[in-house]
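Counting from 488, one number per residue, gives the positions in the sequence shown under the numbering used here.
Heads up, the thing below is written out as structure tokens.
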Amino acid sequence: MRRVPGWLWAALVVVVALLLAVPLGGWDHVDRADASAQRLAPGQRHVSDPFATSVLSAEVTDRDPASSFDPEPGTRFLVVRARVDNRTDRTRDATGDLLVPAGVDLGPASTVTVARDPQSRSAAVQPGLPAEVLFAWELEGDTVAPGDTLRVQVVDWTEIESRVASGLVPTDYRVGAVVEVPVS
488 MRRVPGWLWA
498 ALVVVVALLL
508 AVPLGGWDHV
518 DRADASAQRL
528 APGQRHVSDP
538 FATSVLSAEV
548 TDRDPASSFD
558 PEPGTRFLVV
568 RARVDNRTDR
578 TRDATGDLLV
588 PAGVDLGPAS
598 TVTVARDPQS
608 RSAAVQPGLP
618 AEVLFAWELE
628 GDTVAPGDTL
638 RVQVVDWTEI
648 ESRVASGLVP
658 TDYRVGAVVE
668 VPVS
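In structure tokens:
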């Protein structure tokens, strides 16, 4: 009697696992990053270091809030308005790492632009002075439209003293909160 090869046993285990998993929902993608995150309503405050952040609203527009130039015809932007409180003792920029629109196809060339208001190209937030900050991404196609609900992830990180350069270096990025906000 011949012995069954090991790879055949492994294949059998995979097939059995598939047959059991598919009726139970399969291996549906679960975003583990925001599975343990705090759930907030628009306007509720998420406190972390170095910022406390409240996602206020989201809209789709044909104007880049951080630029005075007219974009190419047909270009659309997703703009998320947030209140950002600097919890440190020095001026900090609210960077594009702070908010992430989850489940939105932004396209390969899309980058976040951040501005305190439409007239400012700076996202500098003073300590102890809350600021309204606009985060804008160029959209790819019709992935987000007015009336949709947008899931915004608020990203936390830890800062450590750099051993190579002077200053603090962000590390350990993680989703701290998730806000579902209607798009206007």
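We treat Cβ as the ideally placed atom computed from N, Cα and C, and that holds for glycine.
These figures come from a predicted structure and were not determined experimentally.
Determine which residues share a DSSP beta bridge with T578 and list them.
Start at 1 with the first residue of the sequence shown, and residue 578 comes out as number 91. DSSP, once it has assigned bridges, lists no residue as partnering T578.
Buried or exposed: where does F556 fall if 16 or more other Cβ atoms within 10 Å of its Cβ makes it buried?
In the sequence shown, counting from the first residue as 1, residue 556 sits at position 69. Exposed: under 16 other Cβ atoms inside 10 Å.
Could you tell me whether the Cβ atoms of L586 and F538 are closer together than 8 Å?
The sequence position of residue 586 within the sequence shown is 99, counting from 1. The sequence position of residue 538 within the sequence shown is 51, counting from 1. Their beta carbons are not under 8 Å apart, which means L586 does not touch F538 by this criterion.
For V502, which of helix, strand or coil comes out of DSSP?
The count along the sequence shown starts at 1 and reaches residue 502 at position 15. In the structure shown, V502 sits in a helix (DSSP, three-state: H, G or I).
Given D592 as reference, the closest of T630, P558, E559 and S653 once Cα atoms are compared:
Along the sequence shown, one-based indexing puts residue 592 at 105. Here the closest residue by C-alpha is T630.
Among the candidates Q640, P669, S653 and G654, whose CA atom is the shortest distance from the CA of Y660?
Residue mapping note: residue 660 aligns to position 173 of the sequence shown, counting from 1. With distances taken between Cα atoms, Y660 lies closest to Q640.
Cβ contact check for the stretch 635-652 and the stretch 661-671: 3 or more pairs under 8 Å
yes
N- and C-terminal bounds of the beta strand (DSSP E) containing D629:
Working through the sequence shown from its first residue, we reach residue 629 at position 142. Element bounds for D629: n/a, residue is neither H nor E.
Comparing C-alpha positions only, which one of T540, E546 and A522 sits nearest to T636?
Residue 636 sits at position 149 when you count from the first residue of the sequence shown. Minimum Cα distance to T636 is reached at E546.
Determine the direct distance from the alpha carbon of A522 to that of W496, and round the result to whole angstroms.
To locate residue 496, count along the sequence shown from 1; it is residue 9. To locate residue 522, count along the sequence shown from 1; it is residue 35. Between W496 and A522, the C-alpha separation is close to 34 Å.
Can we say the stretch 563-571 touches the stretch 618-632, given the rule of at least three CB pairs closer than 8 Å?
yes
Beta-carbon gap between T443 and Q613 smaller than 8 Å
No statement about residue 443 is possible, as the shown extent of the chain runs from 488 to 671 and does not include it.
Let me know the beta strand (DSSP E) ranges lying completely inside the stretch 528-595, each 3 residues or longer, listed in chain order.
532-534, 538-548, 564-573 and 586-589
Figure out for me which residue from S671, E648, A623 and V656 has the closest Cα to the Cα of S554.
Residue numbering aside, residue 554 sits at position 67 when the sequence shown is read from its first letter. Per the Cα distances, A623.
Cα-Cα, which of G530, D549, S653 and R489 is closest to E619?
Counted from its first residue, the sequence shown places residue 619 at position 132. It is G530.
Within the continuous beta strand (DSSP E) that includes Q640, where are the two ends?
Working through the sequence shown from its first residue, we reach residue 640 at position 153. Note, Q640: beta strand (DSSP E), T636 to E648.
Determine, for V571, whether the minimum Cβ-Cβ distance to residues of chain C falls below 8 Å.
No chain C is part of this structure, which consists of one protein chain only.
Applying the 10 Å Cβ sphere with the 16-neighbour rule, what's the burial state of S541?
Numbered from its first residue, the sequence shown carries residue 541 at position 54. With 16 or more Cβ atoms within 10 Å of its Cβ, S541 is classed as buried.
In chain order, what residues of the same chain lie with their CB nearer than 7 Å to the CB of L543, ignoring the 5 residues before and after it?
Counted from its first residue, the sequence shown places residue 543 at position 56. Excluding sequence neighbours, L543 sits near P529, G530, R568, A569 and R570.
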